[in-house]
Structure formats: structure tokens, C-alpha cells
């Protein structure tokens, strides 16, 4: 929890400081009430039984006068001791109650505002941290879990922080002031004070014991919530697939199973937490009974019976205030106990650092964009037994085109992810212009390398806003040029709003081929020196694919290009082609060379292009 204190800054810090002062002020006003009540009751009891008023002016109060003190409607402002003791105490109680209400409301408002700003800062901090992650960290924490942490976990932290600022800070001040009064005559004494402290300690012990059992349960519940969110996310995103295969019932059962387990864990945790309030209420009532028993014993053995009788009413209010404040503190502690699971998950996001780290003394990549893989091995997890890429060696001269082809799972997309350092190689090296990419700055690397990933992801907004991901200050002419090279301008120009046409979330209002062409244009607009196309034209028809290739060959002659594809037609005209199988390069050369020397390549060509493709 203390790690998240750094997000209480700016307005959150200002609201926190002022809010805590207000809340503590309200606590002071509340804790002072029993003192005035004691003064008021003492003035009455002294005036009735001993004939002593607070000023020493009146000698005796008869029974009728005593009733007049309680009957405000028949009492004049100058009657009896009210002018000197009773009414000032009552007036001060009213003033303190009003002050408590005013500053208490202000403290609650400011505390809530501070919690909202702190939560906003926390979400911004987490989101910024996630942006620094490599693919490795995203894979490790999982997308569904990160979404849950940014939303559900931060919300729980916000509610907990709000309770701390508006309630927890108020309770200790009230308890301390009240305990001082509990030890101080005439209203309290050492016995009363020790009993009060003992009751508070018992409350805290109960919370500590229950809390130690609750935290692990809610930690499991939060992990299970990740599971339910993952199922929900993939079913919503894949709703068309679910409908197409008519597996709604199966998916619902799968979600229901996860949801039931989440319910079971939450019920188990709540079953431990819910009795806390009943136990605390019992302890509070038991404390009052104990105080009354002790007071009764003192009353029996005391010569000044009326004095004890007068003070015990005020002390009863005092003990209620103390125990109620302790109960409020316990509620906050219980909630904090439950929230600890969420706070740990938030801290895990903030404490996880990217495995991709810039060199302290980055080396500048020269104007030579040749690409070389030397004895590259890679595995996605250190616990994996086998490599995804196994001793991969190849070189692409600057300005030439390399085609990569192979079966599913052969490692093609992994090569595409290693070049821009989405992942780091397990062993071996990747160099650009003779410079190891680990020694170059990621900013320069991102400026040099342009990647069009296998999955075409568009963001909600417009076509123009998506294109500006590649170049933020792109002009309309540059956007049209990029779209033309990607063969996307044909359908964009036909739209009423053209570049300002709406793009729905994940580009669901566009076909697969349209999304691929917009994604390609988004990369081409930055005019990269190294262009990596990972199955970029898989959703295009052969004619459109051919046009895209012609545009790239004409307008990106000096660009080092890697074309990863399942289609022979996409890589056939590359200067060199790699054939991958199970993470290894089993053959490399031009199309004509591979047809002669590689059985695997020849089979692929024959299956796609027939005998004519062998030429």
C-alpha cells in the first residue's frame, strides 16, 4: 500500500492534506462532547442535591426549580445555575456538533476527491508502465489480467483509500482524545481508561486473526476473476466464431464453471469477514456493561454517590464514542485486508520491468541497413524445453528482399518479432549495419524498422488517426501516398468522408483485406529503412497482392524488405528465400535454386502453383 503513496500527488496531495485536517478537526469536536455533557449533568446534580450552583450565588434549588431547568419553555434566561454552567455547556455542545458536521462533510468530500485523483494517477502510472513492456511481459501477465488490474483492482484501491482518508484518520484522533478523558478525573479514572484500552486491543486482535485468513482467499479470488474475464473477453471478441459453430451453450457452461468457483471463493472470504461486525458490536456492548459494573461497584463504596451518578452518564457516552471509533477503524482495516490482494497485483504491474533495456551507451546504426542473424536461438519461456528458433543464420543485404516461407509453427512470425526487439534473442545476435540491435537505442531501432504484424489491429477513431500512428505529423498528401502504395486508396476514396471515415473498435466495420491494407499503409507512411511484412497480404486476392508488390518494388527500392508468407506468389520474386521447418532453416536461395534443391519448397510450389510454378 505504501508503494502506491507516490501517486498521491498534485491535487490528490492537496485534497489529502486539507481533508485529513478537516477529518481530524471533526474528531476533536466529537471527542469533546462528553466533557460538556459531564459539565451539564454535574451542574444539575450539584444544584439539586447540594444546593450549589456553578456561580456560587444561589444557596438552594428546590424540586420545582429542578424541573424548570428541564422545561426550557418556562425558563427565563436568568434562571438558576443555567446562566453559569448548564446553558454554556449545552451551547458549546451545539457549537461543537455543528463544527463537527461542517468540517466532517468537508473532510469526506475532500477525501473522496483525493482518492479519485490518486486512482487516476495510479491508472495512468500502470498504463504508462505497461506501454514499456515487451511482448514477453504482456505474455507473462496476460491481457485479461492486465485489464482486470487496471479496472477492478484500482477501483478497490480507490474505495479503500477513500475509507482511510475519511474514516481511519478520524478514528485514532477520537480514540486518543477520548482515552485521555477516560483517564482524567472527574469524568474518568485509571480503571476506566485501562478497561477501555483493553476492549480496543481485543477488537484489533480479532481483526488481525481473521485478516490473516482472509487475505489468501481473496488473492485466489482475484486470480479467478482474471480467468472469468479472459473467457468473457475472448467470447465477446470471438462472438462470430461462437455463433458460427453454435457452441453458445458450451461456452456458457465454461464461463459458469469459472464463475461458480469465483463465487465459492468470495463466499468463503465473506463468511470469515461478515461475523466481524457482530463480534465488534458484542465487544462494544460488553465493554459498556463492564464499565457500568465497575461504576456500580465504585458507587456502592463511595461517599459521594451523586458525583459518580452524574459522571457515569457522560462516561458512557465517552466509551460509546471510543468503541464506535474503534469499530470504524476495524471496518477500514478489514476492507484494507481484503484490498491487499488487489494492491499486490497493482504493485506487480508497477514492479515488473521490461526485459528489453536500452544500452547505457547506445551505438548509432550507420546508413547501412543490412540485416544479419548469427546463431540465433530463441524460446518464449525459460522453462520451455525446446527452442522456437534453433541456430538460425542468414543475412539480407541492404536494399534487397528476403522471403521467408514455412509451415505453421515453423518460427516465421518469431523472426518478425525479434528484428524490432519485441522479444530479445535467447542466444546469438541480430545486427543491422554491423551493430547489434541490443547496443542500439530502441527509439532509433523503431525509426528504422517498420513491421506489419500478422494480426491487423485498427484502433477506434478514423482512418487518418490510425495512419498517424506511423507518423504523427503526416500530411494528407503523405497519407494518400501511403494508402495508394498499399492499394487502400481505391476503397477509401470511394467513401464519403475518405480519410476521416470512422473506424470502429478493432476495425470491425472493415473487411480483413481492407484492414490489412490500412495496416500496411500505417507502416509505409513512416518510410522505414527495413520493412518486415508478416503475412500482410494473406486476406488479399492475388491481383491486389500483385499490385501491392509492384508498388513496393517501385517505390521502396532502397528498403531492406522481409516478406513472411504462406504463399509462394508473395515470396517468389524475392532476392533470396528461406525455408523454415521446426525453427530451423532447411534451405535457402532464390526461387529457381530452391525448386532444384529443396523437396519441401518444391512440394509447396506444386501444391499452390502446379508445374507451371516450377519455372
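In this note's numbering, the protein residues as written are 36 to 650. Where a beta carbon is used, it is the ideal one built from N, C-alpha and C, also for glycine.
Which residue marks the beginning of the beta strand (DSSP E) containing residue i, and which one marks its end?
i: residue 639; result: Taken as a continuous stretch (DSSP letters only), residue 639 belongs to no beta strand (DSSP E), being part of the alpha helix (DSSP H) at 634-644.
i: residue 191; result: Not the beta strand (DSSP E): residue 191 falls in the alpha helix (DSSP H), residues 189-198.
i: residue 586; result: Here residue 586 belongs to no beta strand (DSSP E); instead the alpha helix (DSSP H) covers 577-590.
i: residue 429; result: 424-431
i: residue 567; result: 565-569
i: residue 464; result: 462-467
i: residue 597; result: 595-599
i: residue 484; result: 484-487
Going by beta-carbon coordinates alone, are residue i and residue j separated by less than 7 Å?
i: residue 406; j: residue 450; result: no
i: residue 357; j: residue 203; result: no
i: residue 598; j: residue 575; result: no
i: residue 517; j: residue 552; result: no
i: residue 612; j: residue 438; result: yes
i: residue 463; j: residue 409; result: yes
i: residue 610; j: residue 436; result: yes
i: residue 209; j: residue 360; result: yes
i: residue 491; j: residue 546; result: no
i: residue 249; j: residue 304; result: yes
i: residue 487; j: residue 594; result: no
i: residue 170; j: residue 457; result: yes
i: residue 329; j: residue 225; result: no
i: residue 494; j: residue 460; result: no
Rounded to whole angstroms, what's the CA-CA distance from residue i to residue j? Just pull it up for me.
i: residue 603; j: residue 573; result: 11 Å
i: residue 181; j: residue 619; result: 34 Å
i: residue 579; j: residue 550; result: 14 Å
i: residue 290; j: residue 351; result: 54 Å
i: residue 542; j: residue 484; result: 24 Å
i: residue 86; j: residue 48; result: Its pLDDT being 37, under 50, residue 86 is placed unreliably in this model, and the value from its coordinates should be taken loosely. The alpha-carbon atoms of residue 86 and residue 48 are separated by roughly 56 Å.
i: residue 309; j: residue 424; result: 54 Å
i: residue 236; j: residue 365; result: 11 Å
i: residue 625; j: residue 397; result: 36 Å
i: residue 473; j: residue 453; result: 11 Å
i: residue 500; j: residue 489; result: 21 Å
i: residue 498; j: residue 267; result: 28 Å
i: residue 616; j: residue 581; result: 26 Å
i: residue 262; j: residue 383; result: 18 Å
i: residue 57; j: residue 363; result: 17 Å
i: residue 103; j: residue 317; result: Confidence at residue 103 is low in this model, with a pLDDT of 44, below 50, so the placement of that residue is unreliable and no value is reported for it.
i: residue 442; j: residue 586; result: 27 Å
i: residue 285; j: residue 292; result: 11 Å
i: residue 640; j: residue 606; result: 11 Å
i: residue 390; j: residue 145; result: 40 Å
i: residue 643; j: residue 601; result: 10 Å
i: residue 300; j: residue 247; result: 15 Å
i: residue 52; j: residue 190; result: 22 Å
i: residue 563; j: residue 434; result: 11 Å
For residue i, which of helix, strand or coil comes out of DSSP?
i: residue 413; result: strand
i: residue 628; result: helix
i: residue 219; result: coil
i: residue 246; result: helix
i: residue 65; result: helix
i: residue 166; result: helix
i: residue 83; result: Bear in mind that the predicted position of residue 83 carries a pLDDT of just 39, short of 50, making it unreliable; the figure below should be weighed with that in mind. Residue state, collapsed to three classes: helix.
i: residue 436; result: strand
i: residue 97; result: With a pLDDT of only 39 at residue 97, under the threshold of 50, the placement of this residue in the model should not be trusted, and no figure is reported.
i: residue 38; result: helix
i: residue 148; result: helix
i: residue 47; result: helix
i: residue 537; result: strand
i: residue 623; result: strand
i: residue 104; result: Unreliable positioning characterises residue 104 in this predicted model, as indicated by a pLDDT of 43, which lies under 50. The coordinate reading is nonetheless provided below. Of the three classes helix, strand and coil, the one that applies to residue 104 here is helix, per DSSP.
i: residue 478; result: helix
i: residue 262; result: helix
Please indicate yes or no: does the CB of residue i lie closer than 6 Å to some heavy atom of the ligand ZN?
i: residue 200; result: No copy of the ligand ZN appears in this structure; indeed no ligand is present at all.
Can you name the start and end residues of the alpha helix (DSSP H) that residue i belongs to?
i: residue 448; result: 447-453
i: residue 612; result: Looking at the DSSP string, residue 612 is not in any alpha helix (DSSP H); the run it does join, the beta strand (DSSP E), is 611-616.
i: residue 560; result: Premise fails: residue 560 is in no alpha helix (DSSP H) and is neither H nor E.
i: residue 730; result: Outside the displayed span of the chain (36 to 650) sits residue 730, for which this structure offers no information.
i: residue 304; result: 283-308
i: residue 606; result: 603-606
(message) Three or more C-beta pairs under 8 Å: does that hold for the region 376-385 against the region 525-539?
(response) With contact defined as three or more Cβ pairs closer than 8 Å, the region 376-385 and the region 525-539 are not in contact.
(message) Between the region 394-410 and the region 238-257, can you find at least three pairs of beta-carbon atoms closer than 8 Å?
(response) Proximity of the region 238-257 to the region 394-410 falls short of the contact definition, fewer than three beta-carbon pairs being nearer than 8 Å.
(message) I'd like to know if the region 203-213 and the region 48-68 are in contact, where contact means that at least 3 CB-CB pairs between them fall below 8 Å.
(response) Taking a contact to require three or more Cβ pairs closer than 8 Å, the region 203-213 and the region 48-68 qualify as touching.
(message) If contact is defined by three or more beta carbon pairs under 8 Å, each pair taking one atom from either stretch, is the region 421-441 in contact with the region 498-508?
(response) No, the region 498-508 does not touch the region 421-441.
(request) State whether the region 146-153 contacts the region 193-209, with contact taken as three or more CB pairs (one from each stretch) at a distance under 8 Å. (result) Yes, the region 146-153 is in contact with the region 193-209.
(request) Inspect the CB distances between the region 124-131 and the region 44-62 and report whether three or more fall short of 8 Å. (result) The region 124-131, when compared against the region 44-62, does not touch it at the 8 Å Cβ threshold.
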